[in-house]
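A.B. asks:
Set out below in structure tokens:
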């Protein structure tokens with residue numbers, strides 16, 4: 017069982033995938049960290065992301081919140097808002113496409129919970145042999161080109177103690 021933590025999912029026009037993401041994430045939290053919370057930040061979506069999120073939150077045992085930004089303020093602002101709203105001692109954010117498998121969460125949460133680290137970053141740009149689910153080749157190579165021009169990897173698992181979030185605000 018994992019300690020309680022806050023999950024923040026920033027969203028922009030994710031109506032097509034947010035339902036599945038919420039089902040998988042909520043199932044994971046119920047099983048592995050039932051005292052955790054899930055915060056979705058709808059960052060000015062022009063589709064039905066907000067509606068789909070509210071429906072996805074129905075009948076869950078996990079504490080959930082939907083924060084809505086209008087107009088769109090960007091992923092960084094959405095992540096910041098979600099982490100600042102987080103109530104649990106550890107905050108984690110990841111993208112709605114679940115590009116990092118949920119089973120990787122303990123690798124970044126446990127060192128923080130054990131007091132070994134204050135912040136941890138999960139990166140898809142590390143050892144390629146460790147990737148369990150490969151992306152289509154177009155996406156992989158497109159990502160490599162983007163990472164070459166902008167090396168900030170802001171889509172992987174990134175948990176931190178809540179007090180550390182202020183450093184990134």
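Numbering (my numbering), first residue to last: 17 to 185.
Glycine included, every Cβ here is placed at the ideal spot set by N, Cα and C.
What would DSSP say about residue 45, mapped onto helix, strand or coil?
C.D. replies: Here DSSP, grouped into helix, strand and coil, assigns residue 45 to helix.
A.B. asks: Tell me, to the nearest whole angstrom, how far the beta carbon of residue 77 is from that of residue 50; I am working on the premise that it is less than 8 Å.
C.D. replies: 7 Å
A.B. asks: Which class does residue 63 belong to by DSSP, given the choice of helix, strand or coil?
C.D. replies: coil
A.B. asks: With H, G and I counted as helix, E and B as strand and the rest as coil, what does DSSP make of residue 53?
C.D. replies: strand
A.B. asks: What's the gap between the Cα of residue 154 and the Cα of residue 113?
C.D. replies: 16 Å
A.B. asks: Just to confirm my understanding: we take residue 79, look at its own chain, exclude 5 residues before and 5 after, and list those with CB closer than 6 Å. What are they?
C.D. replies: Scanning its chain for C-beta atoms nearer than 6 Å, with the 5 sequence neighbours on each side dropped, one finds around residue 79 the residues 53, in chain order.
A.B. asks: Counting beta carbon pairs with one atom in the region 18–38 and one in the region 109–123, are three or more of them shorter than 8 Å?
C.D. replies: The answer is yes - the region 18–38 touches the region 109–123, with three or more Cβ pairs under 8 Å.
A.B. asks: Going by C-alpha to C-alpha distance, which of 122, 138, 118, 136 sits closest to residue 38?
C.D. replies: Minimum Cα distance to residue 38 is reached at 118.
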